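Order-wise, the sequence lines are chains A, B and C. 64 is the number of the first residue of the first sequence in our numbering; add one for each residue after it. 6 is the number of the first residue of the second sequence in our numbering; add one for each residue after it. 35 is the number of the first residue of the third sequence in our numbering; add one for each residue after it. Built from N, CA and C at the ideal position, the CB exists for glycine as well. Given the structure is predicted, the values throughout are model-derived calculations rather than measurements. Single-structure report; data block below.
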Amino acid sequence: MRAEALKLWLDERLGTDALTKLARKKEVPVHRHTIWYYFGGMTLFLFLVQVATGIMLLLYYRPSAENAFESVQFIITEVQFGWLVRSIHSWSANLLIATMFIHMFSVFFMKAYRSPREITWVSGSLLLFVFLFFGFSGYLLPWNKLAFFATKVGTDIAGVVPFVGNFTMRFLRGGEDVTGATLTRFFGFHVAVLPAATTVILGVHALLVQKHGMSVPPGVNKQTVKTMKFVPNFLMRDLIGWVLAIGALAALAALFPWELGEKADAFASAPAGIRPEWYFLFMFQTLKLIPPKILSFDGEIIGIMAFGLGGLLLVIAPFLDRSAENRRRSLLFTAIGLVVVLYIVAMTVYGYLA
Amino acid sequence: MDPHSRSNSRARINRFAKLFIALALTLVSVSLAAAQKKDSCVDCHKDMQGPLSDPVTLTRGDIHQLRGLSCSDCHGGDSSQDDPGGAMNPAKGFVAKPKPKDIPQFCGKCHSNAEFMRKFNPVLRVDQEREYSTSVHGKLLVTGDQNVATCISCHGFHGVRAVKDPQSSVFAMNVAETCSKCHANADYMKSYKIPTDQYDNYKTSVHAKALYERQDISAPTCNDCHGNHGAVPPGVASVANVCGQCHVRQSALFQSSPHKTVFDAMQVGECIQCHSNHGILPPSDEMLGTGEKSVCTSCHSQGDNGYQEAGRMRELIDELATRMNSALEVLTKAERAGMDVSRPKFELTGAKDALTQSRVMIHSSSAGEVEKIISPGLEVADKDQKAGEGALAERSFRRKGLGVSLFFILFLAAVIILKIRQIEKRQ
Amino acid sequence: MENKPASPKRREFLDYLLGTSLGATLLAILYPVMKFMIPPAVTESAQNSVVAGSAKEIAANTGKIFKFGTKPGILVRTPAGELKAFSAVCTHLDCIVQYSPEKKQIWCACHNGQYNLSGQNVGGPPPRPLEEYVVNTRGDEIVVSKG
């Protein structure tokens with residue numbers, strides 16, 4: 064009786080009853096592509112791991128050129144389980160980017176962005192950029208040599224963009240060069256600006272997913288498709304994935320601890336074989352391969368503009384793909400997607416081998 | 006015109022006047038100087054054909070020329086005379102080309118004159134001529150040997166540069182090559198019956214490596230051991246003093262060691278007995294002890310005191326080297342496994358230091374002294390070995406912890422699967 | 035559905051297992067988290083500057099080796115009482131230098147390298163001066179930092 068009373072009390076104030084009803088009503092279509100539905104939840108879970116471990120690291124991390132490296136070293140040597148927390152934060156970040164890409168491409172190939180889910184797609188693609196920036200800014204924070212030079216190169220690339228490039232580079236670096244000022248900025252982006260942006264965009268994204276439910280891909284008959292309940296059937300399956308993710312993170316952290324490397328030194332020469340994190344590698348490698356002059360234009364600028372355009376096209380993809388709207392297969396977009404995936408994979412592999 | 010601008014224009018006129026006067030003065034003084042500094046040697050020789058113009062062209066950049074000296078300051082004569090007979094008048098001290106035997110005095114006219122040299126460089130020594138007379142070169146010169154080195158053999162002439170000038174033939178990095186021009190020439194040295202392999206040997210030495218590869222001009226070349234103007238082979242008794250100029254500790258230890266009196270009595274060169282002379286290689290631990298490459302066994306044999314002492318010193322050094330390497334190996338292994346061992350790695354420099362110092366201490370020939378240095382080094386090495394092992398133990402603890410947690414995690418996943426089945430069966 | 039009591043016992047058992055394994059997993063997560071929050075014994079991580087010693091322990095005309103990051107440093111109190119700090123790595127062959135009270139110099143035992151109390155190489159084989167650090171005192175603590 065007491066539990067019932069509490070339920071009632073809460074419902075009157077929070078409207079929990081409506082939420083429970085909504086959760087009960089929510090259903091997930093079951094077909095041969097259902098597996099891809101799990102990657103959104105997985106990305107969300109890894110993000111929560113990032114939030115938790117990130118907050119923990121904040122207890123000891125010091126965002127300054129003088130202390131950043133030493134404080135991370137302190138975390139992994141002196142703080143109990145500091146090595147674990149720091150390694151999980153790094154590993155989880157990388158897995159998150161990976162699951163996010165999988166999620167994005169699965170949504171793309173299942174044409175789940177078609178009406179009325181265009182805004183869901185747009186918010187998701189914005190999250191992609193936010194998380195890439197998360198990765199880029201977080202990479203610098205340990206203030207080691209590799210990150211220092213990767214950031215130098217990365218911001219240099221931003222500087223090439225016509226008109227706004229120089230300003231962007233100076234804005235990102237907090238000056239002409241990568242210095243302690245850059246670290247302070249990146250720290251600010253990483254722990255304040257980006258989390259705030261994520262909260263808003265992710266809120267919209269999740270709300271829209273809730274509103275529209277899971278999309279059924281064009282190849283599957285919407286009328287005859289089987290469904291399962293979100294609570295508890297789908298959620299418990301999600302849970303298995305999350306539990307296994309925890310295990311995988313623990314194993315990766317314990318067996319392959321994320322290296323700290325050497326402290327950054329602005330006056331040292333750049334180490335050999337410098338390259339960005341793997342998820343930027345395909346762009347990095349492309350810019351390396353592009354000839355310095357295409358007709359009379361600067362090759363690097365063209366490359367950067369092309370990636371910029373690609374990003375833009377990605378965001379507005381739902382508005383371009385008219386055929387998918389009518390539940391047709393829109394083979395053209397599938398083909399484009401495949402080419403993009405192949406290109407990214409090939410360039411990344413090439414980047415590692417080169 | 007307001008008064009302000011009038012004063013302005015007056016100032017401008019003033020400035021012009023000053024400028025004009027300055028220009029006129031400069032012109033006058035330049036022409037005066039030209040008149041004063043008439044140098045008929047240069048005036049004639051510069052327009053001559055072939056080798057007769059060389060003295061003028063070669064002297065450009067010569068230290069003497071840069072200091073304002075000219076031909077007649079060395080060669081004598083009267084450079085204010087235009088006719089060759091007057092300018093190159095032997096009565097006025099003119100010497101065209103001094104004979105080798107006269108060269109030391111020729112240069113010594115100025116270089117042995119303290120009052121004169123002080124005007125150019127107050128710290129420059131003025132005893133080169135006297136030093137030279139004590140050298141093998143100088144002694145042979147007075148016997149009438151015209152082939153030995155004199156001032157110009159090493160310093161050149163008409164293009165003499167300051168010793169610190171990297172282009173100088175006697176700049177530290179060029180000395181050995183300069184000496185080798187004669188000393189590595191077997192034909193030239195034939196009549197003197199001395200070896201000609203010094204330069205080749207020197208080039209293989211640790212000193213040459215420091216000088217040429219690390220560009221460390223404090224590293225010794227020929228003159229640092231043999232002297233420059235007073236060049237002689239160091240005598241047996243003075244070898245340790247020569248080497249001790251830089252290797253102070255080794256030399257002092259050797260002087261206090263029992264070897265000192267024995268080596269002196271045996272008339273063998275101190276350092277070079279073990280290290281050789283020109284081709285001094287970086288020393289290795291194998292030179293010590295009783296092994297095949299040991300230098301000790303050339304005098305000592307099994308059973309004698311020195312043999313034992315040498316063996317003991319070698320053991321001590323090997324022991325430290327081994328334990329230090331073992332500690333380093335464990336630490337590297339732990340580091341590769343992702344453990345942070347920067348602190349013990351730092352401390353290991355203490356052991357490395359002890360090793361370096363013990364390699365110096367062996368010159369005392371006392372195993373007891375060596376042990377005093379080795380023991381603390383061993384302690385450090387052992388401590389770091391333990392730290393490395395501790396780090397590896399920590400790693401296996403992590404793995405065990407991971408195993409336990411993974412067990413629960415996988416178990417949980419399995420139970421959830423069962424639960425799903427159960428729920429879906431009911432549905 | 036409910037009236038098909040397949041095995042209420044089995045259901046209970048499964049719930050029990052679910053509860054315990056969930057608890058164990060949570061414990062496996064919370065234990066490191068809790069441990070992480072406990073401040074470690076060494077509470078400071080700063081390394082750009084380091085406490086090289088206490089003002090009392092170092093008398094005039096003595097020196098002391100300290101750890102500065104991954105390299106050794108040497109702290110010297112000159113005969114006049116001034117505090118100075120340098121890198122303790124000899125520029126000749128990387129031995130650790132020491133203070134010689136007799137010569138009032140910094141001295142490397144390996145090959146008799148000598149540096150004066152400004153770190154200049156004044157004798158023996160060292161090719162370069164020692165890098166000098168900035169010394170400040172904070173109460174009794176001597177704080178050395180890179181300039």
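By a C-beta neighbour count over all protein chains shown, 10 Å radius and 16 as the cutoff for buried, is residue i buried or exposed?
| i | result |
| --- | --- |
| A:A68 | exposed |
| B:K51 | exposed |
| B:A38 | A caution first: B:A38 carries a pLDDT of 48, below 50, which makes its placement in the model unreliable, though a value can still be read off. Exposed, since its Cβ has fewer than 16 Cβ neighbours within 10 Å. |
| A:M167 | buried |
| C:K137 | exposed |
| C:R111 | buried |
| B:M366 | buried |
| B:E5 | Given a span of 6 to 432 for chain B in the structure shown, any question on residue 5 of chain B remains unanswerable. |
| B:N330 | exposed |
| A:N207 | buried |
| A:W72 | exposed |
With distances taken Cα to Cα, identify the nearest neighbour of residue i among the options.
| i | options | result |
| --- | --- | --- |
| A:I367 | A:V223, A:V170, A:T245, A:F137 | A:V223 |
| A:A260 | A:G187, A:W154, A:L405 | A:G187 |
| A:H275 | A:D80, A:P295, A:E90 | A:E90 |
| A:Q286 | A:V93, A:W146, A:L416, A:D240 | A:V93 |
| B:K405 | A:T79, A:G117, A:A314 | A:A314 |
| B:V237 | B:V300, B:K214, B:C184, B:R431 | B:C184 |
| C:N95 | C:L109, C:A86, C:V84 | C:L109 |
| A:F297 | A:S386, A:E133, A:G78, A:K88 | A:K88 |
| C:V131 | C:F102, C:S55, C:L60, C:Q148 | C:Q148 |
| B:S262 | B:E314, B:S306, B:H283, B:Q427 | B:E314 |
| A:F370 | A:F192, A:S169, A:Q136 | A:F192 |
| B:D205 | B:H188, B:K388, B:P288 | B:H188 |
Suppose contacts are defined by Cβ-Cβ distances below 7 Å. Is residue i in contact with residue j by that definition?
| i | j | result |
| --- | --- | --- |
| B:S84 | B:S77 | yes |
| C:A143 | B:Q151 | no |
| B:L397 | B:A339 | yes |
| B:P225 | B:H212 | yes |
| B:L293 | B:S369 | no |
| A:I151 | A:T116 | yes |
| A:I160 | A:Y342 | yes |
| C:P161 | B:D221 | yes |
| B:G382 | B:V335 | no |
Look at the alpha carbon of residue i and the alpha carbon of residue j, and state the distance between them as a whole number of angstroms.
| i | j | result |
| --- | --- | --- |
| A:A175 | A:L401 | 16 Å |
| B:I421 | C:K69 | 28 Å |
| B:S410 | C:R44 | 26 Å |
| A:M163 | A:P258 | 16 Å |
| A:G282 | A:D328 | 56 Å |
| A:V227 | C:Q154 | 49 Å |
| C:F120 | B:R341 | 31 Å |
| B:D88 | B:L74 | 21 Å |
| B:K102 | B:P171 | 28 Å |
| A:A333 | B:N233 | 45 Å |
| A:L195 | A:L122 | 24 Å |
| B:D345 | B:Q250 | 43 Å |
If we cut at 7 Å on Cβ distances, does residue i have a partner in chain B?
| i | result |
| --- | --- |
| C:K159 | In the sequence as displayed, the identity of residue 159 of chain C is Pro instead of Lys. Answer yes: the Cβ-Cβ gap between C:P159 and chain B drops below 7 Å somewhere. |
| C:N150 | no |
| C:I92 | no |
| C:I130 | yes |
| C:K137 | no |
| A:G310 | yes |
| A:L416 | no |
Report yes or no: is there a C-beta of chain A within less than 7 Å of the C-beta of residue i?
| i | result |
| --- | --- |
| C:F70 | yes |
| C:P163 | no |
| B:L397 | no |
Beta-carbon of residue i versus every beta-carbon of chain C: anything under 7 Å?
| i | result |
| --- | --- |
| A:F110 | no |
| B:S262 | no |
| B:F402 | no |
| A:M119 | yes |
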